[in-house]
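Everything below concerns the one structure shown next.
Number of protein chains: 2
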Amino acid sequence: MRTINPRDFNRATRSTSRQINRLILLNLVREFQPISRADLARRMAVGRGMVTTLVKELLAEGAVYEGALTDVPRGRRPKMLHVQTRDRLVVAIDIRFSRTYLLLSDFGGNQLALESFGTVFDPGQLLDELAMRVRRLLRTHAAGAHCEGIGIVIPGMVDRRSGRVFNAPQLGWRDVQVRSGLVERTGLPVHIENSGAACALAHLWLGPGERRSGIRDFVYVTVSDGVGTGVVVNGEVVRGHGHTAGEFGHIPIGPDGPRCLCGAQGCLEAHTSNLATVARYLGYDFSPAVARELLQQSSVTVDDVIRRAGGGDERARAALLETGRYLGFGFSVMVNALNPAQIIIGGEITAAWNLIEAPIRAEIGRRALTRRAAETPVVPAPGGGLPRLRGAIALVAAPAFAAPQVG
Amino acid sequence: MRTINPRDFNRATRSTSRQINRLILLNLVREFQPISRADLARRMAVGRGMVTTLVKELLAEGAVYEGALTDVPRGRRPKMLHVQTRDRLVVAIDIRFSRTYLLLSDFGGNQLALESFGTVFDPGQLLDELAMRVRRLLRTHAAGAHCEGIGIVIPGMVDRRSGRVFNAPQLGWRDVQVRSGLVERTGLPVHIENSGAACALAHLWLGPGERRSGIRDFVYVTVSDGVGTGVVVNGEVVRGHGHTAGEFGHIPIGPDGPRCLCGAQGCLEAHTSNLATVARYLGYDFSPAVARELLQQSSVTVDDVIRRAGGGDERARAALLETGRYLGFGFSVMVNALNPAQIIIGGEITAAWNLIEAPIRAEIGRRALTRRAAETPVVPAPGGGLPRLRGAIALVAAPAFAAPQVG
DNA sequence: GGGACTTAGTTCGAGAGACGAACAAGACAG
DNA sequence: CTGTCTTGTTCGTCTCTCGAACTAAGTCCC
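Right under this line is the structure:
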């Protein structure tokens with residue numbers, strides 16, 4: 003049940019009904035492809051005539067294509083429909099502290115080409131480099147196919163509407179216009195988003211239909227050098243009033259505790275990030291100074307800690323168990339606050355899933371209000387890797403399938 | 003940007019466009035009443051002809067009515083339109099541990115009659131009593147006006163769709179079908195909701211337009227014997243996957259801390275409820291046993307503590323300041339997790355606003371990630387009182403104005 | 001006071017699109 | 001070849017948007 007904002011609404015025009023039905027039809031094709039016109043008519047509960055005209059439009063636009071005829075027990079053989087993914091390309095860009103990744107992909111998420119380079123921190127220079135690489139990617143790999151846009155994910159606060167980066171501490175950016183800069187350089191539509199939100203977006207929009215359908219509330223947690231989270235509520239990504247929602251990484255775990263890189267004390271991130279785990283293993287108290295030291299001269303990584311724990315190193319095991327306990331503590335806040343259908347956890351730490359699962363579950367169980375909430379599934383991020391880049395793809399692909407906003 | 007669920011969608015039919023535009027028009031009248039047809043046409047950017055036909059329909063249904071002519075500097079004088087609220091009644095019911103309240107109100111939230119009785123814990127008996135009182139209220143006060151339905155708010159987990167109460171520990175209810183029971187007894191449409199969510203709903207749907215418009219993300223916190231919260235994200239109330247979302251009262255404030263009535267340790271509620279404040283003032287460590295004792299033989303209430311703090315009692319001041327500090331701590335979690343446009347706080351504690359505001363602000367400021375987030379407004383609940391009953395009214399009134407779901 | 005001008009509200013015709021019925025195109029059994 | 005069944009297209013009808021013409025009711029100016 004949503005309000006109609008009387009100062010900013012979308013009125014229905016002559017073509018609104020058609021737009022709605024066209025999008026529903028497109029989504030049905032996407033979900034049930036290959037599918038015949040007659041089947042679509044049955045699923046939509048409309049006459050086959052309407053399906054004919056709608057499909058004709060979608061065919062003309064290249065949104066769907068006709069496949070082979072299928073064998074049926076009786077009657078005329080139907081011509082099956084599919085959504086067009088191969089000829090519609092997306093350039094996904096993931097800007098991180100150490101490196102920047104570019105992925106050329108089609109609408110279905112199939113990877114065509116992946117490359118990376120050391121991140122340049124000057125925005126203008128970085129955009130120049132990106133534009134050059136985008137052009138090169140399209141020249142060499144996109145044989146005639148159309149590029150629908152560029153999706154960029156950034157570790158920081160982003161205004162999706164205006165295309166500006168408010169604040170990205172890792173990159174040292176403040177109030178940087180990314181979108182218009184890249185639009186000017188490439189002439190392509192550009193979408194930007196925070197990397198945590200983008201991971202959630204990818205989970206919501208890409209991947210198999212069974213996973214997508216039905217789940218309207220979840221939290222996607224990425225544990226790496228920091229702890230990023232993307233929150234989906236009522237089937238929509240939560241961005242918040244000032245574009246800083248979903249920062250569960252910086253909820254306090256207690257009034258005291260280690261000082262976090264963000265300046266506050268006792269943040270979840272300061273207890274559970276890869277750096278925090280490594281610091282714990284090495285016997286240091288976590289602090290911004292320790293974190294910076296670990297980042298620069300990283301003799302030991304989390305991967306090392308996980309390997310050693312597997313090899314029987316008791317101190318490594320203890321450090322990981324402690325990380326699991328704190329993660330569970332943070333997850334219990336999510337469970338009580340949002341009651342998500344599931345919590346998805348990604349990052350290197352999932353390699354130690356057999357170790358951390360138990361303390362996570364125990365902590366949630368201890369603090370959840372109902373039995374059902376206590377059993378909230380916590381699942382390692384489904385495979386395929388590159389969740390951030392998948393999020394960048396979703397940024398471009400999702401609007402083509404999203405429900406129109408009316409009212 | 004929301005997904006279309008290919009297994010459960012709303013197709014556009016011939017009448018969909020009209021339904022959408024009718025609702026927009028109704029909302030415009032609600033927001034800007036009194037308003038003329040010509041003004042409506044300008045605001046909707048349609049011809050006056052369409053407004054004429056839509057208004058004719060709404061007049062016939064009794065959703066709006068024509069008022070007086072207005073003076074204008076030039077031209078024909080317009081006939082002003084208003085939404086019909088006086089002839090459309092709602093019975094709002096608030097079931098609480100100690101007493102149950104019934105309010106007869108119109109669609110505009112104007113109170114016509116208020117009564118209460120000691121809560122009966124047997125669901126069947128309570129429904130009988132309620133049905134009797136609803137009938138009596140309508141007989142004596144509703145002179146011919148139509149009752150649009152009954153709204154019930156309950157301190158517990160509720161499934162709004164099925165009308166069931168999953169679990170209401172205060173009432174000792176588990177899996178109680180409230181809606182169908184009351185529908186059978188009264189023949190009226192019945193809506194039920196958790197009381198925290200209902201308070202948020204009232205804030206979202208009732209009250210002056212300036213407050214409503216634009217604010218799509220907020221948290222409504224009620225501090226009484228417990229701490230209840232209603233969360234609104236993207237303009238919709240958050241219910242969660244298992245109907246237990248919005249329980250910020252039971253997020254942990256630290257790994258240790260006082261045991262809460264819910265069974266967990268260190269919940270926000272165990273630090274900041276009225277009972278916790280009183281216990282702190284009296285020098286007790288909070289525990290379920292202490293809470294029950296305070297509930298039964300309450301020699302001192304929060305109101306007393308606030309009065310004494312006002313009178314110069316240093317221990318009372320200290321207890322309230324501490325409560326404020328913990329509240330701020332809890333609010334900082336909301337700010338980082340959801341980045342709401344504002345946090346609304348209700349309950350007796352707001353009488354000590356001059357005391358608790360500073361520690362609340364300080365704690366949020368210390369932990370928020372951005373300056374804007376640090377300045378998230380925390381406002382005492384706007385007057386009018388009876389937020390729960392207003393929520394019950396909103397349960398019935400809101401659907402009449404809600405945007406239709408398409409896609 | 002009467003015409004010119006303005007604004008509000010209604011009526012009407014054209015065009016877009018949902019919707020249902022009829023029809024053409026395959027496929028198969030007898 | 002004929003009857004039956006299913007898919008896909010075409011076409012007329014009905015609903016609804018949308019703009020233009022028209023009526024109603026004011027003010028302003030000469």
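Residue numbers (the working numbering), protein chains in the order written: chain A, 3 to 409; chain B, 3 to 409.
Glycine residues also receive a C-beta, built at the ideal position from the N, C-alpha and C atoms.
If we ignore side chains and look at the alpha-carbon of each, how far apart do residue i and residue j end up?
i        : j        : result
Arg241/A : Ile217/A : 18 Å
Pro257/B : His243/A : 30 Å
Arg317/A : Gly198/A : 31 Å
Ala278/B : Gln267/B : 13 Å
Thr352/A : Glu377/A : 19 Å
Arg392/B : Ile156/B : 13 Å
Gln344/B : Leu190/A : 37 Å
Thr231/B : Met3/A   : 19 Å
Ile366/B : Glu68/A  : 57 Å
Arg9/A   : Ile22/B  : 15 Å
Leu206/B : Val48/A  : 36 Å
Ser19/A  : Ala383/A : 38 Å
Can you tell me which residues form a DSSP beta bridge with residue i?
i        : result
Phe119/A : Thr102/A
Tyr222/A : Gly232/A, Ile346/A
Gly151/B : Val92/B
Met159/B : Asn169/B
Cys264/A : Answer by DSSP bridge pairing: none, since Cys264/A is not bridged.
Tyr67/B  : His84/B
His243/B : His243/B pairs with nothing; no bridge assigned.
Measuring CA to CA, which of the options is closest to residue i?
i        : options                                : result
Asp124/B : Ala170/B, Leu116/B, Ala115/B, Asn112/B : Ala170/B
Gly332/A : Glu295/A, Val380/A, Glu33/A, Ala311/A  : Val380/A
Leu139/B : Gly312/B, Ile154/B, Val93/B            : Val93/B
Leu410/B : Leu30/B, Leu83/B, Glu150/B             : Since the first and last residues shown for chain B are 3 and 409, residue 410/B lies out of range.
Asn29/A  : Ile6/A, Pro8/A, His84/A, Thr54/A       : His84/A
Ala311/A : Gly110/A, Ala293/A, Leu322/A, Val292/A : Leu322/A
Asp130/B : Asp108/B, Asn112/B, Val160/B, Arg187/B : Arg187/B
Leu284/B : Met336/B, Glu271/B, Asp306/B           : Asp306/B
Thr102/A : Leu173/A, Arg162/A, Arg137/A, Arg90/A  : Leu173/A
Ile308/B : Asn338/B, Gly265/B, Ala354/B, Arg327/B : Ala354/B
Ile37/A  : Ser100/A, Pro80/A, Lys58/A, Phe403/A   : Pro80/A
Gly248/A : Pro260/A, Cys264/A, Ile255/A, Val223/A : Val223/A
Val233/B : Gly165/B, Gly49/B, Val31/B, Pro342/B   : Pro342/B
Phe288/B : Gln407/B, Thr303/B, Leu263/B, Phe109/B : Leu263/B
Asp96/B  : Arg88/B, Gly77/B, Thr87/B, Thr121/B    : Thr121/B
Thr246/A : Gly209/A, Leu208/A, Glu63/A, Arg162/A  : Arg162/A
Phe220/B : Asn338/B, Glu59/B, Ser17/B, Val398/B   : Asn338/B
Val229/B : Val398/B, Gly49/B, Gly349/B            : Gly349/B
Leu270/A : Thr303/A, Asp227/A, Ala394/A           : Asp227/A
Ile194/A : Glu117/A, Leu208/A, Phe168/A           : Phe168/A
Arg32/A  : Ile395/B, Asn356/B, Ile6/B, His143/B   : Ile6/B
Which residues of chain B have a Cβ atom closer than 8 Å to the Cβ of residue i, listed in chain order?
i        : result
Trp207/A : Thr5
Ile22/A  : Arg13, Ala14, Thr18, Val408, Gly409
Pro257/A : Ile255, Gly256, Phe331
What does the Cβ neighbour count give for residue i, buried or exposed, with the cut at 16 atoms within 10 Å?
i        : result
Thr55/A  : exposed
Gly51/B  : exposed
Asn112/A : exposed
Val66/B  : buried
His148/B : exposed
Gly165/B : buried
Glu63/B  : exposed
Thr325/B : buried
Whose Cβ in chain A lies nearer than 7 Å to the Cβ of residue i?
i        : result
Leu25/B  : Ile6, Gly409
Arg368/B : Ala266
His243/B : Asp219, Asn341, Pro342, Ala343
So residue i contacts chain B; which residues on that side make the cut at Cβ distance below 7 Å?
i        : result
Leu371/A : Thr246, Glu249, His252, Cys264
Met46/A  : Arg13
Met82/A  : Near Met82/A there are no residues of chain B at all, since even the closest Cβ is about 16 Å away, more than 7 Å.
Counting only Cβ pairs nearer than 9 Å, list the residues of chain A close to residue i.
i        : result
Gly237/B : Arg4, Thr5, Asn7
What does residue i touch in chain B if you count any residue whose Cβ is under 9 Å from its own?
i        : result
Ala404/A : Met3, Arg4, Thr5, Ile6, Gly409
Starting from residue i, find everything on chain A with Cβ-Cβ shorter than 8 Å and list it in chain order.
i        : result
Pro401/B : Met3
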